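Take 0 as the starting number for the sequence shown in numbering that gives the first Met the number 0 and just add one per residue. All C-beta atoms, glycine included, are put in the ideal place defined by N, C-alpha and C. Note that the structure is a prediction, hence the values are computed from the model and not measured. Okay, structure first, notes after.
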Amino acid sequence: MADRTIDCDILIVGGGIGGSGLAAGLRHRGYSIVVVEASKDPLDTARGDHIQPVVVEILDRWGCLKTFMDRGAEKRFGTRYMTATGDLILDCPLQDLPLPHPYYLVFHHEMIGQAFMDLAHENKNFTLIRPAWGRDFDVADGVVTALHVKLPDGGDAVIRPKLVVGADGRSSQVRKLLGFATEDYEYQSPLVMLTAPRNMPDPRNNIGAFLGAKGMTFRIPRMNNQWKFSIPIDQADIPWWKASTMDDRRAFMKERTPALGDLEISIIGYYPCKLANCTQWVRGNVVLIGDAANSLHPAHGQGMNIALRNCAALIGFLPAPDKIKDVAAVRAALARFESVQKPIMTRVLDGNHQRALEMDNRDPQAIMNVIPFYAGIQADPAKRHLFTWLTTGYPPPQPGAPKAT
Ligand SMILES: Cc1cc2nc3c(=O)[nH]c(=O)nc-3n(C[C@H](O)[C@H](O)[C@H](O)COP(=O)(O)OP(=O)(O)OC[C@H]3O[C@@H](n4cnc5c(N)ncnc54)[C@H](O)[C@@H]3O)c2cc1C
């Protein structure tokens, strides 16, 4: 017998970016919401920290953008592809595009999660249960009727939701326990993520993608005058990285990408790269979002952005608060969400996988072959405009677009 019974409209399992973002986006819409989050620690700072222009517009619509800016979010105005010695191959400036927000936001991952969670508390019917696990569900006729949780004070609670969102990340328990199938792909090359203080100015705060015979190096702006680097490596090289000194890392980077100069590099993590795409996002009154629905290769900065775009789309399909007790209305709304949004995201995910394969393939010749492809885009203003446009997350302005992020 539970110590507490909590009735709610929407139960969100997982308070990462997807779960906290959805709770923030819903905060003024009249729903009672419970988030169950397993960890009491902040989110991993190495993960998604670049927010696409299309998602900046969503943040603005949700009334979250001002909070992000007030807490120190910075703007990034483009991407530059260069050779390892710094010659320009392709320049993709964002600020001339006719968009409401022609820039990326750069904001530490854990600060994004915290900002969303703080905003979610503006809903007087919001409850965060943390730390607590979402894995003990009652299911009847394909519908989740209850979640049993151990509360942080040691007591037991039963949560009785009308709609359940699985936002519990790449190893999702909701996905496993409720029988969602995935299509998987294991990439060969893990990523090592590095940071360093900036050693040169960049007023446009670009991503620098350096292509050379020794491999691809992404120099990614971080807040507070830092760079982050993402480098695909051989699994067998991880012990070298773990034992490496500052001098080893400085020499490694100078040899691989001379354009970067001297850098004081620290390691922030190693990431195996695995794709897991759910064949369905919805079952009964349960919907998956974020990495629970689609875990993708991190290299092209899309997992968090897709999660937030799907949250925004889902909000548009939800039954009104006074209709959410109707199980048939919930099922129909989730099915409509999936039928409209999943095909859109499948195209984005397919593009991400193709580019991830390019990065995963550390064959020097394959990398060098990408250079003329990008140079051809740079030479053609219409192609360059389209390529830049596609990095924003907005749908292409015209058919026949080349592949891009
Ligand atoms: C190195 C790296 C760099 C990246 N860079 C970018 C980028 O620049 N841009 C971008 O868009 N994406 C990026 N991504 C991807 C992005 O970080 C993820 O797609 C995104 O954070 C997924 O959010 P989520 O809420 O779905 O999952 P998560 O952030 O994993 O959150 C899941 C949450 O659920 C909790 N949880 C797990 N199981 C349970 C349970 N059973 N019960 C309760 N709680 C549970 C976890 O504690 C966690 O807090 C990157 C990823 C990596 C690894």
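Counting along the chain, histidine 147 sits inside no alpha helix (DSSP H); it lies in the beta strand (DSSP E) bounded by residues 142-149. Of the candidates Leu313, Val35, Gln301, the residue whose Cα lies closest to the Cα of proline 160 is Val35.
A check of alpha carbon separations from valine 326 across Val142, Ser38, Leu25, Arg354 identifies Val142 as the nearest. If you look at aspartate 59, you'll find it in the alpha helix (DSSP H) that goes 52-60. The alpha-carbon separation between aspartate 359 and histidine 120 amounts to approximately 41 angstroms. If the five residues before and after phenylalanine 67 are omitted, its C-beta is found closer than 7 angstroms to the C-beta atoms of Leu58, Leu104, Phe106, Ala114, all from its own chain and listed in chain order. Methionine 81 has its alpha-carbon roughly 14 angstroms from the corresponding atom of lysine 213. With a beta-carbon spacing of about 5 angstroms, threonine 84 and proline 257 fall inside the 8 angstroms limit used to define contacts. Looking at the backbone, the Cα of tyrosine 393 and that of glycine 211 are separated by about 30 angstroms. If you look at tyrosine 373, you'll find it isn't in any beta strand (DSSP E); it sits in the alpha helix (DSSP H) that goes 363-378. Contact check for arginine 169 and alanine 275: beta-carbon distance about 7 angstroms, within the 8 angstroms limit, so the pair qualifies. Boundaries of the alpha helix (DSSP H) harbouring phenylalanine 336: 326-359, taken from the DSSP string. When DSSP states are grouped into helix, strand and coil, arginine 70 belongs to the coil group.
Counting along the chain, proline 202 sits inside no beta strand (DSSP E), nor does DSSP assign it H or E at all.
Using a C-beta cut-off of 8 angstroms, the segment 187-201 makes contact with the segment 214-230, since at least three inter-stretch Cβ pairs fall below that distance. Rounded to the nearest whole angstrom, the C-alpha separation of glycine 289 and aspartate 247 is 37 angstroms. Two segments are said to touch when three or more pairs of C-beta atoms, one from each, lie closer than 8 angstroms; by this definition the segment 170-189 touches the segment 285-304. Put simply, the segment 309-327 touches the segment 26-40. At least three CB pairs are less than 8 angstroms apart. The three-state reading of DSSP puts alanine 275 in strand, counting E and B together. Your pair glycine 112 and aspartate 167 does not check out as a contact, with CB atoms roughly 14 angstroms apart and the cut at 8 angstroms. Taking 6 angstroms as the cut-off, the C-beta of methionine 192 counts as close to a heavy atom of ligand 1.
Separation of the CB atoms of alanine 145 and aspartate 155 is rounded to 12 angstroms, and the pair is thereby denied contact status at 8 angstroms. Restricting attention to alpha helix (DSSP H) runs no shorter than 4 residues, the segment 161-186 encloses them at 172-176, ordered along the chain. Judged by their CB atoms, valine 281 and glutamate 337 are nearer to each other than the 7 angstroms cut-off. Between the C-alpha atoms of glycine 13 and proline 371 there is a straight-line separation of about 43 angstroms. According to the DSSP assignment, lysine 253 belongs to the alpha helix (DSSP H) that extends over 245-255.
Excluding its 5 nearest sequence neighbours in each direction, alanine 45 has C-beta neighbours in its own chain below 6 angstroms: Met192, Ile267, Gly268, listed in chain order. A direct Cα-to-Cα measurement between threonine 126 and leucine 307 gives close to 21 angstroms. Where aspartate 117 is concerned, the enclosing alpha helix (DSSP H) starts and stops at 108-119.
The closest CA to that of serine 19, considering only Asp117, Asn124, Leu385, is found on Asp117. Of the heavy atoms belonging to ligand 1, none sits nearer than 6 angstroms to the Cβ of aspartate 155. Proximity of the beta carbon of alanine 312 to ligand 1 is not indicated: no heavy atom of the ligand is located closer than 6 angstroms.
Apart from sequence neighbours up to five positions away, the residues of its chain that approach arginine 330 with a beta-carbon distance below 7 angstroms are Gly283, Asn284, ordered along the chain. Its chain contains Leu295, His296, His299, Gln301, Thr404 as the residues whose beta carbon lies nearer than 8 angstroms to that of asparagine 351, once the 5 sequence neighbours on both sides are disregarded; these appear in chain order. Taken through DSSP and simplified to helix, strand or coil, threonine 387 comes out as helix. Secondary structure at serine 31: coil, using DSSP grouped into helix, strand and coil.
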